[in-house]
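Visitor: Okay, here's the structure, questions in a sec.
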Amino acid sequence: MEKGKIMLGVLLGAGVGVLAGILFAPRKGKDTLKLIEDSIDKNLDEFFNHSEKVKEKTEKKLDEVVH
1350 MEKGKIMLGV
1360 LLGAGVGVLA
1370 GILFAPRKGK
1380 DTLKLIEDSI
1390 DKNLDEFFNH
1400 SEKVKEKTEK
1410 KLDEVVH
């Protein structure tokens, strides 16, 4: 099996585990939804920041190769 598929499986499994833990935690529904919303917002921000950095590095390397 490819390393990428294994890593994707691990990350997906971890995400499902975290979500299940949050959903079955002894909190009010509103509190749980707020926790999930905050976590999604934080992770999306981190993802987009990281992807922007990757894009910038890729463009820089491409520019170096072309010129």
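Take any residue in the sequence shown, note its place counting from 1, add 1349, and you have its number in the working numbering. Ideal placement from N, C-alpha and C gives every residue a C-beta, glycine not left out.
Please go through the region 1373–1400 and give each complete beta strand (DSSP E) segment of 3 or more residues, from N-terminal end onward.
Guide: Those beta strand (DSSP E) runs which fall completely within the region 1373–1400 and span 3+ residues do not exist here.
Visitor: State the CB to CB distance for the pair I1465 and I1355, rounded to an integer number of angstroms; the pair is presumed to be in contact (CB under 8 angstroms).
Guide: For the chain, the structure presents residues 1350 to 1416; residue 1465 sits outside this window and is missing.
Visitor: Given this structure, state the Cα-to-Cα distance separating F1396 from I1389, to the nearest angstrom.
Guide: Walking along the sequence shown from the start, residue 1396 turns up at place 47. Walking along the sequence shown from the start, residue 1389 turns up at place 40. Those two C-alpha atoms are separated by around 10 angstroms.
Visitor: Expressed to the nearest angstrom, what Euclidean distance is found between the alpha-carbon atoms of E1351 and L1360?
Guide: By one-based count along the sequence shown, residue 1351 stands at place 2. By one-based count along the sequence shown, residue 1360 stands at place 11. Taking the straight line joining both Cα atoms gives about 14 angstroms.
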